[in-house]
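Remarks on the structure that follows.
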Amino acid sequence: MLSNVFTVIYVENLQKVVKEVKAYKTDEDLWVVTDSIPNSGGNLALHLAGNIKHFFGAVLGRNGYIRERELEFSEKDLSRDDVALKVEEAATVLKETLSQMSDEDFAGDYPEEIFGETQKTITIVAYMLSHLNYHLGQMNYHRRLLSK
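Read in order, the letters of the sequence shown correspond to residues 915 to 1062 in our numbering.
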């Protein structure tokens, strides 16, 4: 049951990330940074995709994904469609991983220490959802500032 609930909520919010990416007026706007906003919408979207692919795919799903976190923040000049595709790929990884999880899996320990401590899987899944929405809000704010 938990896997179904989290799948619905995560996929809905990842679709919002895709919508934000596509709502930028130009591909170039997706990559704009300012003194007060050091991370572009494009890099935030890539970071979210990397988070999902790592914490769900690599750690929980053991799918072999190797994260390149630095690239999430250094890669530039991809098109809106390319960035949206990376987020959609992350949603697929998330769905594949969660579909294999039981409620007992959520109650168990997350396979990696987070912040130097062992955490329950459900805690990490909930935390990652709040992290996703935090950056989704940043993307929305960034895009609206550029459209003024």
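The beta-carbon is built from N, C-alpha and C at its ideal position, and this holds for glycine as well. Quick caveat: nothing in here was measured; it's all calculated off a predicted structure.
For residue 976, the nearest candidate out of 995, 1024, 945 (CA to CA) | 1024
Minimum C-alpha distance to residue 924 - residue among 1011, 1021, 1031, 951 | Nearest neighbour of residue 924 by Cα position, chosen from 1011, 1021, 1031, 951, turns out to be 1011.
Cβ neighbour criterion (16 or more within 10 Å) applied to residue 983 = exposed
Could you tell me how far apart the beta carbons of residue 989 and residue 960 are, in whole angstroms, since I believe they sit closer than 8 Å?
-> 6 Å
Counted within 10 angstroms of its Cβ, other Cβ atoms place residue 938 as buried (16 or more) or exposed = buried
Sort out for me which residues DSSP pairs residue 1023 with in a bridge.
-> 1034
With a cut-off of 8 Å on the beta carbons, I'd call residue 994 and residue 936 a contact; round off their distance for me.
-> 5 Å
Can you give me the start and stop residues for the alpha helix (DSSP H) that residue 923 sits inside?
-> 916-937
Cβ-based burial, residue 1020 [other Cβ within 10 Å; buried from 16] = The C-beta of residue 1020 has 16 or more other C-beta atoms within 10 Å across all chains shown, which makes the residue buried.
Can you tell me the Cα-Cα spacing of residue 1052 and residue 955, whole angstroms?
-> 8 Å
Check residue 966 in the structure and name its three-state DSSP category.
-> helix
Check whether residue 969 and residue 915 have beta carbons under 8 Å apart = No. Outside cutoff.
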